[in-house]
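Chemist: Under the UniProt record's numbering, think of the first position of the sequence shown as 1, with each following residue one higher.
Backbone N, C-alpha and C fix where the C-beta goes; we use that ideal spot for every residue, glycine too.
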Amino acid sequence: MSPLEQLAVLAAGLGAGVLTSTVGVASLLSFPVLLAVGLPPVVANASNTVGMLPGALSGSFGYRRELREHPRITALVLLTCAVGSVAGAVLLLALPPGVFEAVVPWLVLGTCLLVGAQPRITARLRARHAARGLEPVERTTMSPVTTFFATLTGLYGGYFGAGSGVMMAAVLGLGLDIEFRIVNALKTLAVMAANLVATLIFVLVADLDWRAIALLALGSVAGGYLGALVGRRLPATLLRALIVVAGLVAFVILVQ
Numbered sequence: 001m002s003p004l005e006q007l008a009v010l011a012a013g014l015g016a017g018v019l020t021s022t023v024g025v026a027s028l029l030s031f032p033v034l035l036a037v038g039l040p041p042v043v044a045n046a047s048n049t050v051g052m053l054p055g056a057l058s059g060s061f062g063y064r065r066e067l068r069e070h071p072r073i074t075a076l077v078l079l080t081c082a083v084g085s086v087a088g089a090v091l092l093l094a095l096p097p098g099v100f101e102a103v104v105p106w107l108v109l110g111t112c113l114l115v116g117a118q119p120r121i122t123a124r125l126r127a128r129h130a131a132r133g134l135e136p137v138e139r140t141t142m143s144p145v146t147t148f149f150a151t152l153t154g155l156y157g158g159y160f161g162a163g164s165g166v167m168m169a170a171v172l173g174l175g176l177d178i179e180f181r182i183v184n185a186l187k188t189l190a191v192m193a194a195n196l197v198a199t200l201i202f203v204l205v206a207d208l209d210w211r212a213i214a215l216l217a218l219g220s221v222a223g224g225y226l227g228a229l230v231g232r233r234l235p236a237t238l239l240r241a242l243i244v245v246a247g248l249v250a251f252v253i254l255v256q
């Protein structure tokens with residue numbers, strides 16, 4: 001890589017780190033930059049996962065106050081995404097490149113729309129329960145259905161990951177009655193868990209570009225923490241809107 005290309009990768013790491021902790025579409029910034037500087041797709045994908053791990057770690061550290069509010073949910077999100085990402089990393093190494101290209105854009109589109117519709121869906125479900133004379137129950141533990149879809153999101157995160165934060169925000173937002181700022185923190189933690197497990201696998205068996213990884217890591221560790229500071233202060237409605245917009249942009253990019 002030329003000095004200018006190295007600067008571009010460093011800047012991509014910084015920007016992607018911010019996106020990891022806010023709207024959750026970091027790979028859509030960093031991955032194309034790695035392709036643009038000449039890395040093969042599978043090498044770029046694996047290197048992107050490893051290089052963005054420090055950003056997810058610093059973002060999760062930045063959200064440590066939110067993550068302590070529901071320790072059981074935090075632990076289960078870690079576990080489900082870690083387990084799912086093992087399968088995702090194996091699929092990345094075993095399947096032909098681009099095997100999920102036709103499906104991924106529609107997954108991102110569907111889940112970002114769910115993030116936007118979640119308050120209305122929740123309100124309608126509560127109204128239906130009230131009409132039946134049922135007492136509303138605060139969902140502060142993950143149901144088997146929510147756990148299943150969180151694991152699937154972890155699998156996707158280990159395989160490719162573009163938009164996985166948006167997907168996790170949709171899963172947790174629909175499955176739990178907790179503040180959206182905490183959902184956003186858990187989403188960042190989920191990305192970290194998926195990246196961590198996938199990194200352990202990729203370091204052992206995948207082809208990696210360590211220069212690109214170092215540059216991404218350097219940028220993302222600052223960006224991830226900065227993004228957590230920003231994400232904590234954004235109103236829930238604005239943060240939700242930004243996630244939806246980011247998901248729509250991701251869909252347009254991926255579908256081309």
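(1) Could you tell me the alpha carbon to alpha carbon distance between Ala185 and Leu93, rounded to whole angstroms?
(2) For the alpha helix (DSSP H) containing Tyr225, list its first residue and its last residue.
(3) On the DSSP letters alone, give me the boundaries of the alpha helix (DSSP H) that Met52 sits inside.
(4) If Ile213 sits next to Val50, beta carbons under 8 Å apart, how far is it from one beta carbon to the other, in whole angstroms?
(5) Among Tyr63, Pro54, Ala75, Phe31, whose alpha-carbon lies nearest the alpha-carbon of Leu229?
(6) Going residue by residue through the segment 145-197, where are the continuous alpha helix (DSSP H) segments of at least 4 residues, counting only ones entirely within it?
(7) Please confirm whether Ser47 and Leu39 have their CB atoms less than 8 Å apart.
(8) Buried or exposed for Glu179, please, with buried defined as at least 16 other CB atoms from any protein chain shown within 10 angstroms of its CB.
(9) Could you check whether Pro105 and Phe251 sit closer than 8 Å to each other, using their CB atoms as the reference points?
(10) Does the segment 20-27 come close enough to the segment 71-87 to have 3 or more Cβ pairs within less than 8 Å?
(11) Which whole-angstrom value describes the C-beta separation of Val37 and Glu69, a residue pair presumed to lie in contact below a C-beta threshold of 8 Å?
Modeler: From the atom records:
(1) 29 Å
(2) 210-233
(3) 41-62
(4) 5 Å
(5) Tyr63
(6) 164-175
(7) yes
(8) exposed
(9) yes
(10) no
(11) Rounded, the Cβ-Cβ distance is 41 Å, inconsistent with contact.
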